[in-house]
Every structure is written in C-alpha cells, then in structure tokens.
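Student: Start counting the sequence shown at 5; every next residue gets the next number (the numbering used here).
Below is one structure. I have some questions about it.
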Amino acid sequence: MPGLLLGDPFPDFEAETTAGRMKLHQYLGDSWGILFSHPKDYTPVCTTELGRVARLSSEFSKRGVKLIALSIDSLEDHCGWSKDILAYNCEKSECCRLPFPIIADSKRELAVSLGMLDPDEKDKDGLPLTARCVFIIGPDKKLKLSLLYPATTGRSFSEILRVVDSLQLTAERRVATPAEWKPGDCVMVPPNMPEEDAATLFPAGVFTKELPSGKKYLRYTPDPHDLGESVDPGYSLIQPRQCTSIL
Ligand code: BEZ
C-alpha cells in the first residue's frame, strides 16, 4: 500500500505525548509542522538527533514551525531518555522536557498507518523499529515533503531547516530553489514561466545562462527575500551571491 503522497491531507490523529494527549491538527494550529520519527529511545544516533533538534528548536520557531517526534517506546521511557538528551546537550536542567513533544506509539499504530517501520531493524522480540521519517506539513495540513532514512543513518537537521526555507519561499513566490540553495542565494525562474511574465515578476532581473543546446531554461533571479545583507539562516553563515557570478 503506498504511504502518504505529497499534497495528501495529513491525518489528524490523536496521540499520547510527553506534553499530554493531543490531536495533531489542534497542536499545529496555523503553523507549519514537522513530524519526525526515530527507532528507539536510549540509542546513540537517536540521542544525537533529538539533541540537535532541541538545539535548533528556536530556528524552527522563528520560521513558525512546530515540531513533534515519535517512537514506539512508552511515555516513561521518553521522559527518562529526555534527561539524557538534555545532558548530551550539556543543559543542566531539572526538567525532563525537551522543547517539543514526543509521541508514545507503543502499540505501533501510528508507525504502521504512516508507513514508518524499518523492516531491517528489529527489537529484542523481532518486531520492526521505526525508521527515521520526516513529514513536513503545511499550514493547510497537507504533506509538503517527506524523507525516509534507515535506522543506521542519522539525519541532518540543518538540511531540514534549509528545505523549510525553500518550501516557505516557494509557497509564497513563483520561484524554485537550485541544488544546495540557501537563503540569500539566487533562485530559479520556473521553466514554464514565459519570458514576459518573468520580466514583470522579477524586477531585480532575470539572468539566463547560455547553454550548448541554445535553450534558455537556466534562468536565475535574486532571492526575493534578500535584503542585500549577509543572511545567517541559523545553520551556516553565508554571503548573498550575485546571480551574475553563477553565469
Ligand atoms: C541508534 O539510534 O543509534 C540506532 C537505533 C537503531 C538501530 C541502529 C542505531
């Protein structure tokens, strides 16, 4: 059975979490949302991942993104393990709370319905663990992006922040972002946009790269959000580049 597809309405499930019982859509409100799963509490890669998300949580908040984690362990385990994650992040905190809730899906109901299980990683009883899934949900509650990593490969949450920047920009403006794009870099004019429309929509200029085919599809324009200053997206310091330097 195929899992969720891009554009599908994201299920409004109800779940037990470290912040109490909640319904997903009510928790998300009008925000963007990221639901990310991990295989198992008290495991090394997962500890580094949730520690990294905790450190980046203010960057996600700045972008209006609410986070929620999931694994197939109990609430008790989630709370105990949260203290280890905070200690890994060197936070001397009495509190067991991370800056996002963790869903306790001990019966694997959500993991099964959302296609999150990794058949190659099993627990001591031979049951599959959760894979490393990322679902990015738009304010319209539709799926905007999904990633699925095996248990043995930890994710880059800087990359997930980067794709949030791209998703939010491209939801608002008729542009696309090229490989390795970061805020402040030039963006691309979509291939189906006529030249006259591009000239009107992008007063900062459209820069077209000459190609052997003679086809004029590699068209850049400055990042429409760029204020002409260095932009720090919170995961790496970058300098805005002139589109002409790419040509
Ligand atoms: C980990 O988080 O370290 C992990 C969990 C399951 C399988 C492999 C690694």
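We put the beta carbon where it would ideally sit given N, CA and C, even for glycine.
Assuming L60 contacts L165 (C-beta within less than 8 angstroms), just tell me the rounded distance between them.
Tutor: Within the sequence shown, the letter at position 56 stands for residue 60. Within the sequence shown, the letter at position 161 stands for residue 165. Confirmed, about 6 angstroms.
Student: Could you tell me the alpha carbon to alpha carbon distance between W36 and D124, rounded to whole angstroms?
Tutor: Indexing the sequence shown from 1 puts residue 36 at position 32. Indexing the sequence shown from 1 puts residue 124 at position 120. Spanning the two alpha carbons is a distance of roughly 31 angstroms.
Student: For V179, tell me which candidate among G33, L205, E200 has the shortest Cα-Cα distance.
Tutor: Translated into the one-based positions of the sequence shown, residue 179 becomes position 175. When each option's Cα is compared against that of V179, the closest is L205.
Student: Which term fits A108, buried or exposed, when burial requires 16 or more other beta carbons within 10 angstroms of its beta carbon?
Tutor: Against the sequence shown, residue 108 aligns to sequence position 104. A108 should be labelled buried.
Student: Answer yes if the stretch 155-170 comes into contact with the stretch 212-223, meaning at least three C-beta pairs across the two stretches below 8 angstroms, and no otherwise.
Tutor: Output reads no: the stretch 155-170 does not touch the stretch 212-223.
Student: Where does I164 sit, in a helix, a strand or coil, going by DSSP?
Tutor: Indexing the sequence shown from 1 puts residue 164 at position 160. Helix, per DSSP.
Student: How many whole angstroms separate the CB atoms of T22 and P105, which I take to be in contact at a CB cut-off of 8 angstroms?
Tutor: Stepping through the sequence shown from its first residue, residue 22 is reached at position 18. Stepping through the sequence shown from its first residue, residue 105 is reached at position 101. Confirmed, Cβ separation roughly 5 angstroms.
Student: Go ahead and pull the three-state DSSP assignment for E176.
Tutor: For the purposes of this step, residue 176 is taken as the residue at position 172 of the sequence shown. Three-state result, E176: helix.
Student: Can you check whether the C-beta of E199 is within less than 7 angstroms of a C-beta belonging to chain C?
Tutor: No chain C is part of this structure, which consists of one protein chain only.
Student: Quick check: is any heavy atom of the ligand BEZ less than 6 angstroms from the C-beta of L52?
Tutor: One-based indexing of the sequence shown puts residue 52 at position 48. Note that residue 52 is Thr in the sequence shown here, rather than Leu. Judged by the Cβ position, T52 fails to qualify as a neighbour of the ligand BEZ at the 6 angstroms threshold, every heavy atom of the ligand being at least this far.
Student: Which residue or residues does DSSP assign as beta-bridge partners of Y153?
Tutor: As a working mapping, residue 153 is identified with position 149 in the sequence shown. According to DSSP, Y153 bridges with R136.
Student: Start and end of the beta strand (DSSP E) containing T204?
Tutor: Position 200 of the sequence shown, counting from 1, holds the residue named residue 204. First-last for T204: 199-205, but that is the alpha helix (DSSP H), not the beta strand (DSSP E).
Student: Which of helix, strand or coil does DSSP assign to A73?
Tutor: The residue given as residue 73 occupies position 69 in the sequence shown. Note: A73 maps to strand in three-state DSSP.
Student: Strictly closer than 6 angstroms from CB to any heavy atom of the ligand BEZ: give me those residues in the order they appear in the chain.
Tutor: P43, K44, T47, P48, V49, C50, E125, L133, A155, T156
Student: Check for me: the beta strand (DSSP E) holding E20 runs from which residue to which?
Tutor: As a working note, residue 20 is residue 16 in the sequence shown. 18-21 is the span of the beta strand (DSSP E), which, as asked, contains E20.
Student: Quick check on the DSSP output: the alpha helix (DSSP H) that includes D88 runs from which residue to which?
Tutor: Counting from 1 along the sequence shown, the entry for residue 88 is found at position 84. Unbroken alpha helix (DSSP H) run through D88: 79-92.
Student: If you measure between the beta carbons of A202 and V210, is that distance less than 7 angstroms?
Tutor: Reading the sequence shown from its first residue, position 198 is the one you call residue 202. Reading the sequence shown from its first residue, position 206 is the one you call residue 210. For A202 and V210, yes; Cβs fall inside 7 angstroms.
Student: Straight-line CA distance for P207 to Y221?
Tutor: Along the sequence shown, read from residue 1 onward, the residue named residue 207 stands at position 203. Along the sequence shown, read from residue 1 onward, the residue named residue 221 stands at position 217. Between the C-alpha atoms of P207 and Y221 there is a straight-line separation of about 18 angstroms.
Student: I need the boundaries of the alpha helix (DSSP H) containing T181, first residue and last residue.
Tutor: As a working note, residue 181 is residue 177 in the sequence shown. From DSSP, T181 is part of no alpha helix (DSSP H); its letter is neither H nor E.
Student: By how many angstroms is the C-alpha of S249 removed from the C-alpha of G33?
Tutor: Here residue 33 refers to the residue found at position 29 of the sequence shown. Here residue 249 refers to the residue found at position 245 of the sequence shown. Going from the Cα of G33 to the Cα of S249 covers about 42 angstroms.
Student: Can you check whether the CB of R67 is closer than 7 angstroms to the CB of V193?
Tutor: Locating residue 193 in the sequence shown gives position 189, counting from the first residue. Locating residue 67 in the sequence shown gives position 63, counting from the first residue. In this structure, V193 sits away from R67, with a CB-CB distance that is not shorter than 7 angstroms.
Student: Along the chain, where does the alpha helix (DSSP H) that runs through S62 open and close?
Tutor: In the sequence shown, the residue the question calls residue 62 occupies position 58. According to the DSSP assignment, S62 belongs to the alpha helix (DSSP H) that extends over 48-66.
Student: Name the residue from L71, R101, M197, F17 whose alpha carbon lies nearest to the alpha carbon of F40.
Tutor: Position 36 of the sequence shown holds residue 40. Answer by Cα proximity: L71.
Student: Provide the residue(s) that pair with S41 in DSSP beta bridges, ordered along the chain.
Tutor: Here residue 41 refers to the residue found at position 37 when the sequence shown is read from its first residue. S41 pairs with L74.
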